[in-house]
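Asker: So that we are looking at the same thing, I have put the structure below in structure tokens.
Number of protein chains: 2
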Amino acid sequence: MNVEIINIGDELLIGQVVNTNCSYMSKALNNAGIDVGYITVVGDNYKAIEQAVTAALHRADAVLITGGLGPTKDDVTKNCLNSMFGGRLTENKEVSLHVEKIFLARNLPYTATNRSQAMVPDCCRIIFNPTGTAPGMIFHKDGKLVISLPGVPFEMETMMPKAVETILNHFKPQTVIHRTLLVSGIGESFLSDRLEEFEKKLSRQNVAAFSLAYLPDAGMIKLRLTAKGGDREQVSKKTDELFDELAEEIKQFVVSKDDKNLAQMIGQRLKAAGKTVCTAESCTGGNIAHLITLNDGASAYFKGSCVAYSNEIKHNVLKVKEQTLKEFHAVSRQVAAEMAENALKIFDTDYCIATTGLAGPDSDGTDTEIGTVYIAVAAKDGKTTVIKNCYKTVRSNFIDRTSNAALFEMWKKLSAPQP
Amino acid sequence: MNVEIINIGDELLIGQVVNTNCSYMSKALNNAGIDVGYITVVGDNYKAIEQAVTAALHRADAVLITGGLGPTKDDVTKNCLNSMFGGRLTENKEVSLHVEKIFLARNLPYTATNRSQAMVPDCCRIIFNPTGTAPGMIFHKDGKLVISLPGVPFEMETMMPKAVETILNHFKPQTVIHRTLLVSGIGESFLSDRLEEFEKKLSRQNVAAFSLAYLPDAGMIKLRLTAKGGDREQVSKKTDELFDELAEEIKQFVVSKDDKNLAQMIGQRLKAAGKTVCTAESCTGGNIAHLITLNDGASAYFKGSCVAYSNEIKHNVLKVKEQTLKEFHAVSRQVAAEMAENALKIFDTDYCIATTGLAGPDSDGTDTEIGTVYIAVAAKDGKTTVIKNCYKTVRSNFIDRTSNAALFEMWKKLSAPQP
Numbered sequence: 014m015n016v017e018i019i020n021i022g023d024e025l026l027i028g029q030v031v032n033t034n035c036s037y038m039s040k041a042l043n044n045a046g047i048d049v050g051y052i053t054v055v056g057d058n059y060k061a062i063e064q065a066v067t068a069a070l071h072r073a074d075a076v077l078i079t080g081g082l083g084p085t086k087d088d089v090t091k092n093c094l095n096s097m098f099g100g101r102l103t104e105n106k107e108v109s110l111h112v113e114k115i116f117l118a119r120n121l122p123y124t125a126t127n128r129s130q131a132m133v134p135d136c137c138r139i140i141f142n143p144t145g146t147a148p149g150m151i152f153h154k155d156g157k158l159v160i161s162l163p164g165v166p167f168e169m170e171t172m173m174p175k176a177v178e179t180i181l182n183h184f185k186p187q188t189v190i191h192r193t194l195l196v197s198g199i200g201e202s203f204l205s206d207r208l209e210e211f212e213k214k215l216s217r218q219n220v221a222a223f224s225l226a227y228l229p230d231a232g233m234i235k236l237r238l239t240a241k242g243g244d245r246e247q248v249s250k251k252t253d254e255l256f257d258e259l260a261e262e263i264k265q266f267v268v269s270k271d272d273k274n275l276a277q278m279i280g281q282r283l284k285a286a287g288k289t290v291c292t293a294e295s296c297t298g299g300n301i302a303h304l305i306t307l308n309d310g311a312s313a314y315f316k317g318s319c320v321a322y323s324n325e326i327k328h329n330v331l332k333v334k335e336q337t338l339k340e341f342h343a344v345s346r347q348v349a350a351e352m353a354e355n356a357l358k359i360f361d362t363d364y365c366i367a368t369t370g371l372a373g374p375d376s377d378g379t380d381t382e383i384g385t386v387y388i389a390v391a392a393k394d395g396k397t398t399v400i401k402n403c404y405k406t407v408r409s410n411f412i413d414r415t416s417n418a419a420l421f422e423m424w425k426k427l428s429a430p431q432p
Numbered sequence: 014m015n016v017e018i019i020n021i022g023d024e025l026l027i028g029q030v031v032n033t034n035c036s037y038m039s040k041a042l043n044n045a046g047i048d049v050g051y052i053t054v055v056g057d058n059y060k061a062i063e064q065a066v067t068a069a070l071h072r073a074d075a076v077l078i079t080g081g082l083g084p085t086k087d088d089v090t091k092n093c094l095n096s097m098f099g100g101r102l103t104e105n106k107e108v109s110l111h112v113e114k115i116f117l118a119r120n121l122p123y124t125a126t127n128r129s130q131a132m133v134p135d136c137c138r139i140i141f142n143p144t145g146t147a148p149g150m151i152f153h154k155d156g157k158l159v160i161s162l163p164g165v166p167f168e169m170e171t172m173m174p175k176a177v178e179t180i181l182n183h184f185k186p187q188t189v190i191h192r193t194l195l196v197s198g199i200g201e202s203f204l205s206d207r208l209e210e211f212e213k214k215l216s217r218q219n220v221a222a223f224s225l226a227y228l229p230d231a232g233m234i235k236l237r238l239t240a241k242g243g244d245r246e247q248v249s250k251k252t253d254e255l256f257d258e259l260a261e262e263i264k265q266f267v268v269s270k271d272d273k274n275l276a277q278m279i280g281q282r283l284k285a286a287g288k289t290v291c292t293a294e295s296c297t298g299g300n301i302a303h304l305i306t307l308n309d310g311a312s313a314y315f316k317g318s319c320v321a322y323s324n325e326i327k328h329n330v331l332k333v334k335e336q337t338l339k340e341f342h343a344v345s346r347q348v349a350a351e352m353a354e355n356a357l358k359i360f361d362t363d364y365c366i367a368t369t370g371l372a373g374p375d376s377d378g379t380d381t382e383i384g385t386v387y388i389a390v391a392a393k394d395g396k397t398t399v400i401k402n403c404y405k406t407v408r409s410n411f412i413d414r415t416s417n418a419a420l421f422e423m424w425k426k427l428s429a430p431q432p
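This is how it looks when you write it as structure tokens:
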């Protein structure tokens with residue numbers, strides 16, 4: 014069984030908005046064992062939508078569509094699907110009441126434009142949209158399924174479980190199993206050389222088709238093992254076996270075996286050990302704190318952060334000595350270490366991650382090379398470690414790479430044998 | 014002239030990676046006046062790649078491809094294109110020297126796997142990759158262009174200018190002009206009602222085809238006016254006229270006329286006024302500081318931040334009174350105001366943005382509703398303003414919406430007539 018995704022929206026074609034819907038949907042489908050074979054993005058254009066849906070239905074068993082369901086004139090998806098499936102737009106009482114309620118609750122009038130959201134093709138079933146005004150729609154044709162959802166990410170996300178359930182009930186999907194290793198400290202090509210024998214072994218398996226993919230991400234690599242086809246129980250067992258073998262083969266580089274990111278791994282370890290962390294950030298500007306606090310339950314181990322962007326704040330708030338700032342400059346091993354050690358005391362935590370660097374594009378007036386960064390990790394009971402890196406890249410990538418490298422240093426400290 | 018994008022990678026089909034390449038590329042192409050009509054995502058699969066490239070070449074004049082150029086076994090794009098265009102893989106001396114240099118600089122051996130990166134189809138021209146090992150490739154067929162770039166975002170980004178230049182030199186593209194308004198404080202449907210006459214007027218224009226798109230984003234709306242076709246100079250003049258009319262029509266809601274985001278608008282105003290800002294963040298966990306420091310030159314107006322995730326830090330570092338925390342609890346108007354006013358003094362800035370809220374999913378043990386947030390903005394010379402919101406949504410969206418709303422409050426303070 015093969016599913017395709019079509020994301021509709023002019024904003025996607027001109028790059029004004031990053032298409033996060035398609036990754037969210039692919040993930041949800043894959044987690045349910047449903048293969049996505051193709052993703053298409055088209056504009057809010059009647060002809061283009063019709064053509065894309067027709068082509069997708071030709072190749073796939075089910076098509077999942079987002080976007081173009083708003084009440085404004087640039088939204089044409091509903092009309093297009095209504096015509097394609099030979100329906101008639103009819104007011105849906107349940108949707109109408111729901112939309113009216115939303116506007117009343119916000120003390121806003123229920124206008125004709127908003128009322129149009131309750132007009133639904135009479136040839137489809139509805140997926141209720143609890144958080145918005147546009148309902149989802151399920152169409153059937155020649156044993157195939159077309160499901161249309163709103164393009165607003167949060168609305169789509171609340172409706173995806175129902176869409177996945179609809180597909181699973183309609184088809185009996187083949188087995189698809191993914192297992193992911195997060196590795197660090199080795200380059201892609203060296204990893205590939207090292208795994209040559211393992212990949213040969215994969216190709217000799219006969220319970221399912223196995224493959225291995227390398228996904229580099231700002232200094233880390235995700236290694237994904239995929240199994241397709243065959244009996245679920247048998248394939249699952251074999252996948253676990255091969256995955257353990259893979260992890261063992263490169264064990265000194267493995268950070269996580271659960272498709273968790275570094276911040277999650279750190280959180281898990283800190284929570285288990287009853288320890289806490291804070292950050293003292295200069296060039297990363299709060300991004301490390303942000304990555305940590307994106308995770309549910311972060312308050313159990315994260316106490317806070319000082320973003321010390323200026324020297325004045327490094328001295329006044331983080332108490333870095335004026336002498337240190339003067340002698341070594343802000344971007345130095347010494348300042349990174351003092352930031353980490355002082356924040357550790359101020360925030361009274363067990364660990365502190367500190368960064369100071371020069372993202373650029375402008376120089377800081379010293380001879381520090383643009384891209385230079387120092388990362389320090391201080392521990393209440395132990396030595397402060399400081400590393401130096403240089404990332405010659407755009408600002409956002411500099412921040413991402415520095416944040417990942419800093420979290421990796423923290424993770425290494427948590428993984429080291431305790432003194 | 015019509016260009017299509019094909020992004021290749023299994024990781025995109027299973028949602029493990031968000032496809033940021035396609036928005037970056039679409040934006041770069043559109044800024045150069047090149048229309049993107051279709052985006053396709055396929056896996057690292059020889060047949061699927063061949064099929065997608067053939068279909069795209071059938072519809073479009075040029076096809077821009079990313080991904081599948083790595084040295085590992087899951088990367089098949091180069092072999093596929095080589096066969097499609099009837100070439101032979103031949104070692105490219107320039108690329109070979111470059112790749113060898115990269116490995117030497119890293120003190121790593123130049124292995125056979127890495128050497129394969131220098132094997133290039135003899136039927137294409139090369140785009141040099143200064144930051145990676147896989148070169149870009151330019152193929153010609155029947156007057157059409159196919160350009161293949163690496164999938165690593167930073168490598169692709171450094172090579173895009175050359176790709177755009179190649180397309181512009183080969184074709185004479187039609188006029189495409191976009192102008193974007195950032196608006197806030199009004200819902201999509203009300204905006205649409207208000208602009209009904211304006212949209213009718215757009216459809217009556219004859220120097221070009223004009224359209225208006227509504228792009229909601231975590232509490233804000235981007236309104237994009239697009240003109241297509243016609244003489245560039247004439248269309249540009251008319252677009253400016255219509256855009257000014259649009260901005261005037263809804264002026265009380267307009268935040269930016271330059272497709273700048275809120276953090277950039279705030280930075281611009283602060284810099285011009287010689288003023289500074291800091292943040293005191295609880296539930297946003299450093300994200301507001303991160304959004305501000307993503308912008309080049311932020312150090313001119315941003316001094317730092319205190320992320321006070323725990324009550325202890327709110328009291329010990331931000332000096333929020335124990336009495337206030339006890340009487341009103343952490344998620345309250347009073348605590349938000351004290352956080353903002355105290356941080357203003359500690360960081361010695363002209364403004365401070367503070368947030369305290371309950372993202373969930375877990376309750377904080379009080380009767381505070383999950384999703385509640387208080388946003389305070391303090392000014393050195395003026396009153397502290399505090400607003401309350403409630404966002405019942407997933408954690409990452411809660412953080413995004415709160416951050417946007419907080420930046421919007423800051424922007425309103427900067428826009429208000431000075432006392």
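As given, the protein sequences belong to chains A and B, one line each in that order.
Just so we're aligned, residue 14 is where the first sequence starts under the working numbering, counting upward by one.
Just so we're aligned, residue 14 is where the second sequence starts under the working numbering, counting upward by one.
The beta carbon of each residue, even a glycine, is placed where N, CA and C say it ideally should be.
Pull the bridge partners of Asn105 of chain B from the DSSP assignment, please.
Answerer: Start at 1 with the first residue of the second sequence, and residue 105 of chain B comes out as number 92. Asn105 of chain B pairs with nothing; no bridge assigned.
Asker: In the DSSP assignment, what residue or residues form a beta bridge with Asn127 of chain A?
Answerer: Against the first sequence, residue 127 of chain A aligns to sequence position 114. DSSP, once it has assigned bridges, lists no residue as partnering Asn127 of chain A.
Asker: Residues in the same chain with beta-carbon distance under 6 angstroms from Thr79 of chain B, minus the five sequence neighbours each way, listed in chain order, please.
Answerer: Position 66 of the second sequence, counted from the first residue, corresponds to residue 79 of chain B. Asn20, Asn34, Leu162, Gly164, Met169, listed in sequence order.
Asker: Go ahead and label Thr297 of chain A buried or exposed: buried means 16 or more other beta carbons lie within 10 angstroms of its beta carbon, across all protein chains shown.
Answerer: In the first sequence, counting from the first residue as 1, residue 297 of chain A sits at position 284. It counts as buried.
Asker: On a Cα-Cα basis, can you pick out the residue from B:Ile199, B:Asn355, B:Leu228, B:Ser216 that is closest to Asn240 of chain B?
Answerer: Taking the second sequence and counting its residues from 1, the one referred to as residue 240 of chain B is at position 227. Looking at the sequence itself, residue 240 of chain B is Ala, so the reference to Asn does not match. Measuring from the Cα of Ala240 of chain B, the nearest candidate turns out to be B:Ser216.
Asker: Quick one, which residues of the region 154-188 of chain B are near chain A if we go by CB-CB under 8 angstroms, in chain order?
Answerer: Answer set for the region 154-188 of chain B: Val165, Pro166, Phe167, Glu170.
Asker: Does the distance between the C-beta of Leu82 of chain B and the nearest non-hydrogen atom of the ligand GDP fall short of 7 angstroms?
Answerer: Ligands in the displayed structure: none, and consequently the ligand GDP is not present.
Asker: Any C-beta of chain B sitting closer than 8 angstroms to the C-beta of Val330 of chain A?
Answerer: Numbered from 1 along the first sequence, position 317 holds the residue referred to as residue 330 of chain A. It does; some Cβ of chain B falls within 8 angstroms.
Asker: Could you name the residues of chain A that Thr126 of chain B contacts, counting a contact when the two beta carbons are closer than 9 angstroms?
Answerer: For the purposes of this step, residue 126 of chain B is taken as residue 113 along the second sequence, with counting starting at 1. Correct list: Ser202, Phe203, Ser205, Asp206, Glu209.
Asker: Under 8 angstroms, Cβ to Cβ, is there at least one residue of chain A near Tyr364 of chain B?
Answerer: As a first step, residue 364 of chain B is located in the second sequence; it is residue number 351 there, counting from the start. Chain A contact via Cβ: absent.
Asker: Determine the DSSP secondary structure at Pro174 of chain B, reduced to helix, strand or coil.
Answerer: As a working note, residue 174 of chain B is residue 161 in the second sequence. Here Pro174 of chain B sits in helix by DSSP.
Asker: Span of the alpha helix (DSSP H) holding Lys358 of chain A?
Answerer: Here residue 358 of chain A refers to the residue found at position 345 of the first sequence. From DSSP, the alpha helix (DSSP H) with Lys358 of chain A extends over 346-359.
Asker: In whole angstroms, give me the CA-to-CA distance for Ala221 of chain A and Val248 of chain A.
Answerer: Working through the first sequence from its first residue, we reach residue 221 of chain A at position 208. Working through the first sequence from its first residue, we reach residue 248 of chain A at position 235. If I take the Cα positions, the gap works out to 6 angstroms.
Asker: In chain order, what residues of the region 24-38 of chain A put their CB closer than 9 angstroms to some CB of chain B?
Answerer: So the list reads Glu24, Leu25, Leu26, Ile27, Gly28, Gln29, Val30, Val31, Asn32, Thr33, Cys35, Ser36, Tyr37, Met38, given in the order they occur along the chain.
Asker: Would you give the residue range spanned by the beta strand (DSSP E) that Ser376 of chain A belongs to?
Answerer: Translated into positions along the first sequence, residue 376 of chain A becomes position 363. Taken as a continuous stretch (DSSP letters only), Ser376 of chain A belongs to no beta strand (DSSP E), as it is neither H nor E.
Asker: Are the region 336-345 of chain A and the region 313-333 of chain B in contact at 8 angstroms, needing three or more beta carbon pairs?
Answerer: Counting Cβ pairs under 8 angstroms, fewer than three are found: no touch.
Asker: With C-beta atoms as the reference, is Thr188 of chain A less than 8 angstroms away from Gly243 of chain A?
Answerer: For this step, residue 188 of chain A is matched to residue 175 along the first sequence. For this step, residue 243 of chain A is matched to residue 230 along the first sequence. Contact flag set, yes.
Asker: Are the region 52-70 of chain B and the region 417-425 of chain A in contact at 8 angstroms, needing three or more beta carbon pairs?
Answerer: As far as the Cβ criterion goes, the region 52-70 of chain B does not touch the region 417-425 of chain A, which means the pair count is below three.
Asker: Closer than 9 angstroms, Cβ to Cβ, to anything on chain B: give me those residues from the region 301-316 of chain A, in chain order.
Answerer: So the close ones are Ile301, Ala302, His303, Leu304, Ile305, Thr306, Leu307, Asn308, Asp309, Gly310, Ala311, Ser312, Phe315, Lys316.
Asker: Within 8 angstroms of any Cβ in chain A, is that where the Cβ of Asp244 of chain B sits?
Answerer: On the second sequence, residue 244 of chain B is found 231 positions in, with the first residue counted as 1. No - not a single Cβ of chain A is within 8 angstroms of the one on Asp244 of chain B.
Asker: Closest to Lys213 of chain A by C-alpha separation, out of A:Asn274, A:Leu255, A:Tyr364, would be which residue?
Answerer: Position 200 of the first sequence holds residue 213 of chain A. Nearest option by C-alpha distance: A:Leu255.
Asker: May I have the straight-line CA-CA distance separating Val112 of chain B from Gly198 of chain B, to the nearest angstrom?
Answerer: As a working mapping, residue 112 of chain B is identified with position 99 in the second sequence. As a working mapping, residue 198 of chain B is identified with position 185 in the second sequence. Each residue's alpha carbon lies about 53 angstroms from the other.
Asker: For Asn43 of chain B, decide whether its Cβ has a neighbour in chain A, counting only Cβ atoms nearer than 8 angstroms.
Answerer: As a working note, residue 43 of chain B is residue 30 in the second sequence. Yes - at least one Cβ of chain A is within 8 angstroms of the one on Asn43 of chain B.
Asker: Could you tell me which of A:Asp394, A:Thr124, A:Gly373, A:Ala176 sits nearest to Glu354 of chain A, measuring between CA atoms?
Answerer: One-based indexing of the first sequence puts residue 354 of chain A at position 341. Answer by Cα proximity: A:Asp394.
Asker: How would you call His153 of chain B, buried or exposed, if buried means at least 16 neighbouring beta carbons within 10 angstroms?
Answerer: Taking the first residue of the second sequence as 1, we reach residue 153 of chain B at position 140. Exposed: under 16 other Cβ atoms inside 10 Å.
Asker: Between the Cα of Tyr37 of chain B and the Cα atoms of B:Met173, B:Thr369, B:Asp377, which residue gives the shortest distance?
Answerer: As a first step, residue 37 of chain B must be located in the second sequence, where it is residue number 24. Minimum Cα distance to Tyr37 of chain B is reached at B:Met173.
Asker: Who are the near neighbours of Asn99 of chain A in its chain, counting only those whose CB is closer than 7 angstroms to its CB and skipping five residues on each side?
Answerer: In the first sequence, residue 99 of chain A corresponds to position 86, counting from 1. For the record, residue 99 of chain A in the displayed sequence is Gly; it is not Asn. Same-chain partners within the cutoff: Cys136.
Asker: Checking the sheet assignment: what are the DSSP bridge partners for His191 of chain A?
Answerer: As a working mapping, residue 191 of chain A is identified with position 178 in the first sequence. Beta-bridge pairing links His191 of chain A to A:Thr239.
Asker: With distances taken between CB atoms, is the gap from Ser416 of chain B to Ile301 of chain B smaller than 8 angstroms?
Answerer: Sequence index remark: in the second sequence, residue 416 of chain B carries index 403 (1-based). Sequence index remark: in the second sequence, residue 301 of chain B carries index 288 (1-based). Yes, the pair counts as a contact, with Cβ atoms nearer than the cut-off.
Asker: Leaving out the 5 sequence neighbours to the left and right, which residues in its chain are closer than 8 angstroms to Gly149 of chain B when beta-carbon positions are compared?
Answerer: Taking the second sequence and counting its residues from 1, one reaches residue 149 of chain B at position 136. Cβ neighbours of Gly149 of chain B beyond the five flanking positions: Ile139, Ile140, Phe141, Asn142, Ile160, Ser161, Leu162, Pro163, Met172, Lys175, Ala176.
Asker: Among the residues of its own chain, which have a CB less than 7 angstroms from the CB of Phe167 of chain B, if the five just before and after it don't count?
Answerer: The residue given as residue 167 of chain B occupies position 154 in the second sequence. Excluding positions up to five away in sequence, the list reads Thr144.
Asker: Flag Ile383 of chain B as yes if its beta-carbon sits less than 8 angstroms from any beta-carbon of chain A, otherwise no.
Answerer: Here residue 383 of chain B corresponds to residue number 370 of the second sequence, with the count starting at 1. It does not; no Cβ of chain A falls within 8 angstroms.
Asker: For Pro122 of chain B, collect the residues of the same chain with a Cβ closer than 8 angstroms to its Cβ; drop the 5 residues on either side in sequence, then sort them by chain order.
Answerer: Here residue 122 of chain B refers to the residue found at position 109 of the second sequence. Cβ neighbours of Pro122 of chain B beyond the five flanking positions: Phe116.
Asker: Kindly list the residues whose CB is nearer than 7 angstroms to the CB of Gly83 of chain A, restricted to its own chain and excluding five residues on each side of it in sequence; keep chain order.
Answerer: One-based indexing of the first sequence puts residue 83 of chain A at position 70. Ala147, listed in sequence order.
Asker: For Leu70 of chain B and Ser295 of chain A, I'd like the C-alpha separation in whole angstroms.
Answerer: Position 57 of the second sequence, counted from the start, is the residue given in the question as residue 70 of chain B. Position 282 of the first sequence, counted from the start, is the residue given in the question as residue 295 of chain A. C-alpha separation (whole angstroms): 48 angstroms.
Asker: Please report the residue range of the beta strand (DSSP E) in which Ser269 of chain A lies.
Answerer: The count along the first sequence starts at 1 and reaches residue 269 of chain A at position 256. Note, Ser269 of chain A: beta strand (DSSP E), 267-269.
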